[in-house]
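Presented below is the structure to which this report refers.
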Amino acid sequence: MNNFEYKNPVKILFGKGEISKLKDEVPENVKIMLTYGGGSIKKNGVYGQVMEALAGWEIIEFGGIEPNPHYETCMKAVEVIKHENIGFLLSVGGGSVLDATKFIATAIYFEGDDPWDILAKGAEVKKAMPLADVITLPATGSEMNGNSVITKDSTKEKMAFSSLLIMPQFSILDPETIFSLPEKQVANGIVDAFVHVIEQYLTYPVNSPIQNRFAEGILLTLIEEGPKYLKNRDDYDSAANFMWAATMALNGLIGAGVPQDWATHMIGHELTAFHGIDHGRTLAIVLPGIMKVKSEQKKEKILQYGERVWNISEGDDEARVQKAIDKTVEFFESVGVPTKLKDYGVPVETTVKIVNRFVDRRFKIGENRDICPAEIQLVLEDRL
Ligand code: NZQ
Ligand code: ZN
Numbered sequence: 019m020n021n022f023e024y025k026n027p028v029k030i031l032f033g034k035g036e037i038s039k040l041k042d043e044v045p046e047n048v049k050i051m052l053t054y055g056g057g058s059i060k061k062n063g064v065y066g067q068v069m070e071a072l073a074g075w076e077i078i079e080f081g082g083i084e085p086n087p088h089y090e091t092c093m094k095a096v097e098v099i100k101h102e103n104i105g106f107l108l109s110v111g112g113g114s115v116l117d118a119t120k121f122i123a124t125a126i127y128f129e130g131d132d133p134w135d136i137l138a139k140g141a142e143v144k145k146a147m148p149l150a151d152v153i154t155l156p157a158t159g160s161e162m163n164g165n166s167v168i169t170k171d172s173t174k175e176k177m178a179f180s181s182l183l184i185m186p187q188f189s190i191l192d193p194e195t196i197f198s199l200p201e202k203q204v205a206n207g208i209v210d211a212f213v214h215v216i217e218q219y220l221t222y223p224v225n226s227p228i229q230n231r232f233a234e235g236i237l238l239t240l241i242e243e244g245p246k247y248l249k250n251r252d253d254y255d256s257a258a259n260f261m262w263a264a265t266m267a268l269n270g271l272i273g274a275g276v277p278q279d280w281a282t283h284m285i286g287h288e289l290t291a292f293h294g295i296d297h298g299r300t301l302a303i304v305l306p307g308i309m310k311v312k313s314e315q316k317k318e319k320i321l322q323y324g325e326r327v328w329n330i331s332e333g334d335d336e337a338r339v340q341k342a343i344d345k346t347v348e349f350f351e352s353v354g355v356p357t358k359l360k361d362y363g364v365p366v367e368t369t370v371k372i373v374n375r376f377v378d379r380r381f382k383i384g385e386n387r388d389i390c391p392a393e394i395q396l397v398l399e400d401r402l
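Quick note: to get the numbering used here, add 18 to the position in the sequence shown (first position is 1).
Below, the structure written as structure tokens:
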């Protein structure tokens with residue numbers, strides 16, 4: 019196992035009715051900015067529960083944060099905060115609202131010219147306003163990590179940054195809030211959480227049985243509980259299991275001490291940037307290509323994944339690797355997420371644009387930092 023440092027200070031309040039505990043968790047005598055998206059929270063009763071729990075607090079609302087949140091929108095919130103005496107940010111919604119809130123929390127203190135440098139140039143995050151969230155979509159794990167992914171609409175760039183300072187003070191996960199999710203978003207969430215595990219698991223062995231077994235446990239749970247929840251949308255128990263699996267998939271635990279890939283995410287972000295395809299769907303497109311193109315380097319872990327997750331124990335290595343890829347594709351498609359570029363109307367020209375972006379950025383990706391533009395091209399060609 020590799021050396022690692024691990025700290026996760028996020029307090030989790032999990033279960034039915036937990037939103038009412040906001041009053042015990044939010045600091046007193048502070049003006050709160052409540053951030054939210056396109057209005058789902060006002061339709062499904064979550065907004066009402068939040069406002070009831072926070073009766074007595076002064077609250078400024080900032081709504082309209084879009085999926086794949088825009089830098090431009092975040093900067094509008096920063097302007098509002100400059101003129102109001104806000105002391106705490108509360109995100110109510112999915113990963114996009116929370117990621118935007120994390121960026122806003124630190125952009126307000128940014129000392130350089132443009133807070134976009136935090137994303138584009140890795141400028142240091144020195145300070146952030148305390149934030150918390152009520153998460154209403156199991157997918158990103160943002161509720162228990164220090165990551166944020168922001169899109170600059172004007173240039174169609176989608177970039178990520180991480181800092182311990184933007185980890186939520188607390189996160190409320192009430193599985194009942196997800197009953198109102200459109201089916202498509204449930205499916206996206208299943209795939210996103212699944213691929214988060216894969217990015218931290220399907221690399222090369224470093225003798226890390228705890229991380230492996232945890233990862234396999236999350237994958238198996240998603241395979242069992244995801245489709246169960248899709249079939250029965252008001253089943254509290256499967257909603258709860260799905261929700262906790264998504265959080266556990268990206269809270270740092272399974273990734274501690276092991277190599278991590280993230281190439282599927284890096285390439286997927288470009289598909290969202292160019293075509294606005296939902297994040298989870300981009301991963302379903304790219305992952306099978308990565309598994310194929312990197313099958314030699316990832317062979318040992320793909321075989322282990324095939325055997326422990328999909329019970330593939332027959333055939334030679336090559337056949338088993340192919341079967342593991344096929345099972346993965348089958349699973350994504352079974353929850354209603356297509357896996358080919360043509361399913362989303364993406365033209366061949368986009369693959370060229372994506373490859374060129376990686377040429378320009380000059381960084382290599384994957385657990386061995388050896389996925390170069392030529393390989394990215396092979397991955398995308400495999401998915402046409
Ligand atoms: O905007 P509203 O009206 O709230 O509607 C949202 C949105 O349209 C809706 N929704 C959310 N909860 C709902 C609901 N509708 C009904 N009932 C509910 N309970 O769902 C739509 C999608 O929401 P969004 O927040 O965009 O989805 P998700 O949570 O999947 O977040 C995606 C974003 O997270 C980033 C992605 O790149 C993307 O920008 N990621 C963040 C990560 C992180 N912070 O660690 C890691 C991930 O890999 C990912 O990159
Ligand atoms: Zn993701």
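A virtual CB, placed ideally from N, CA and C, is assigned to each residue, including glycine.
(message) For a quick check, are the C-beta atoms of Val-28 and Pro-193 less than 8 Å apart?
(response) For Val-28 and Pro-193, no; Cβs fall outside 8 Å.
(request) Say yes only if the C-beta of Pro-200 is nearer than 7 Å to one or more non-hydrogen atoms of the ligand NZQ, and no if none qualify. (result) Yes.
(message) For the ligand NZQ, I want to know if Gly-56 counts as a neighbour, meaning its beta carbon is within less than 7 Å of at least one of the ligand's heavy atoms.
(response) Yes, Cβ of Gly-56 sits closer than 7 Å to a heavy atom of the ligand NZQ.
(message) Tell me the rounded alpha-carbon separation between Asn-37 and Gly-63.
(response) The displayed chain sequence assigns Ile, not Asn, to residue 37. A direct Cα-Cα distance of roughly 11 Å separates Ile-37 from Gly-63.
(message) If contacts are defined as beta-carbon pairs under 8 Å, then Ala-118 and Pro-87 qualify, I think. What distance do you get, rounded to the angstrom?
(response) With 8 Å as the limit, Ala-118 and Pro-87 qualify as a contact, their Cβ atoms being about 4 Å apart.
(message) Please list the terminal residues of the continuous alpha helix (DSSP H) segment that includes Met-284.
(response) Judged by DSSP secondary structure, Met-284 falls within the alpha helix (DSSP H) whose first and last residues are 281-293.
(message) Let me check understanding here. Comparing Cα to Cα, which of Leu-31, Ala-263, Ala-205 lies closest to Asp-151?
(response) Ranking the options by Cα distance to Asp-151, first place goes to Leu-31.
(request) Could you tell me if the beta carbon of Gln-218 falls within a distance shorter than 7 Å of some heavy atom in the ligand NZQ? (result) Incorrect: Gln-218 has no Cβ contact closer than 7 Å to the ligand NZQ.
(request) Going by CA-CA distance only, name the one from Val-48, Tyr-323, Lys-139, Glu-175 that's closest to Gly-105. (result) Minimum Cα distance to Gly-105 is reached at Val-48.
(message) Rounded to the nearest angstrom, what separates Glu-217 and Val-276 at their Cα positions?
(response) Looking at the two C-alpha atoms, the distance is approximately 11 Å.
(message) In whole angstroms, give me the CA-to-CA distance for Val-204 and Leu-248.
(response) Between Val-204 and Leu-248, the C-alpha separation is close to 7 Å.
(message) So, for Leu-268: in the same chain, excluding its five sequence neighbours on each side, which residues have a beta-carbon less than 6 Å away from its beta-carbon?
(response) Gly-159, Asn-163, His-214, listed in sequence order.
(message) Once DSSP output is grouped into helix, strand and coil, what is the label at Gly-57?
(response) Correct three-state label for Gly-57: coil.
(request) Note down, in chain order, each residue of its chain lying with its Cβ closer than 6 Å to the Cβ of Gly-286, except the 5 sequence neighbours on either side. (result) So the list reads Thr-300, Leu-301, Val-304, once near-sequence residues are dropped.
(message) Quick check on Glu-175: does DSSP put it in helix, strand or coil?
(response) Glu-175: strand per DSSP, three-state reduction.
(request) Could you please give the first and the last residue of the uninterrupted alpha helix (DSSP H) stretch that includes Asp-378? (result) Per DSSP, Asp-378 belongs to the alpha helix (DSSP H) from 366-379.
(message) In the DSSP assignment, the alpha helix (DSSP H) including Ser-114 goes from what residue to what residue?
(response) Element bounds for Ser-114: 113-125.
(request) Can you say whether His-297 is buried or exposed, counting buried as having 16 or more other CB atoms within 10 angstroms of its CB? (result) With a 10 Å radius around the Cβ and a threshold of 16 neighbouring Cβ atoms, His-297 comes out buried.
(request) Taking only the alpha-carbon atoms, compute the straight-line gap between Gly-55 and Thr-91 and give it to the nearest angstrom. (result) Their Cα atoms are separated by approximately 11 Å.
(request) Could you pull out every residue in the same chain whose Cβ sits closer than 7 Å to the Cβ of Ser-331, ignoring the five residues on either side in sequence? (result) Excluding sequence neighbours, Ser-331 sits near Glu-325.
(request) Give the secondary structure of Gly-82 by DSSP, where H, G and I count as helix, E and B as strand, and everything else as coil. (result) Here Gly-82 carries a coil assignment [DSSP, helix/strand/coil].
(request) Find out if the Cβ-Cβ distance for the pair Ala-146, Ile-184 is shorter than 8 Å. (result) Yes, the pair counts as a contact, with Cβ atoms nearer than the cut-off.
(message) Rounded to the nearest angstrom, what separates Glu-70 and Tyr-362 at their Cα positions?
(response) If you take the alpha carbons of Glu-70 and Tyr-362, they lie about 42 Å apart.
(request) Give me the Cα-Cα distance between Tyr-222 and Met-309, rounded to the nearest whole angstrom. (result) Rounded to the nearest angstrom, the two C-alpha atoms are 12 Å apart.
(request) Please state if the CB of Gln-395 and the CB of Val-366 are separated by a distance shorter than 8 Å. (result) Against a cut-off of 8 Å, the Cβ pair of Gln-395 and Val-366 comes out as no contact.
(request) Compute the minimum distance between the beta carbon of Asp-361 and the heavy atoms of the ligand ZN, and state whether it is under 7 Å. (result) Checking every heavy atom of the ligand ZN against the Cβ of Asp-361, none is found closer than 7 Å.
(message) Is His-297 a contact residue of the ligand ZN, with contact defined as CB to any heavy atom under 7 Å?
(response) His-297: yes, Cβ under 7 Å from the ligand ZN.
(message) For Thr-368 and Ile-320, I'd like the C-alpha separation in whole angstroms.
(response) The straight-line gap from Cα to Cα measures roughly 29 Å.
(message) Need the endpoints of the beta strand (DSSP E) that Ser-166 sits in, please.
(response) In the DSSP assignment, Ser-166 falls within the beta strand (DSSP E) that extends over 165-170.
(message) Considering Cα atoms alone, identify which of Phe-260, Val-339, Glu-314, Ile-153 is closest to Leu-191.
(response) If we check each option's Cα against that of Leu-191, Ile-153 comes out closest.
(message) On the DSSP letters alone, give me the boundaries of the beta strand (DSSP E) that Lys-319 sits inside.
(response) Boundaries for Lys-319: no beta strand (DSSP E) harbours it, while the alpha helix (DSSP H) harbouring it runs 317-328, taken from the DSSP string.
(request) Kindly indicate the opening and closing residues of the beta strand (DSSP E) around Lys-29. (result) Run containing Lys-29: 29-32, per the beta strand (DSSP E) assignment.
(request) Name the one or two DSSP bridge partners that Val-304 has. (result) Answer is none; Val-304 lacks a bridge partner.
(message) Using 8 Å as the threshold, is the C-beta distance between Ser-109 and Thr-53 below it?
(response) Remark: C-beta atoms of Ser-109 and Thr-53 approach each other more closely than 8 Å.
(message) Less than 7 Å between C-beta atoms, sequence neighbours within five positions excluded: which residues of the same chain meet that for Trp-134?
(response) Correct list, in chain order: Tyr-89, Lys-170.
(request) Between the Cα of Lys-341 and those of Ser-352, Trp-328, Ala-274, Val-353, spot the shortest distance and give me the residue it belongs to. (result) In terms of Cα proximity to Lys-341, the closest of Ser-352, Trp-328, Ala-274, Val-353 is Trp-328.
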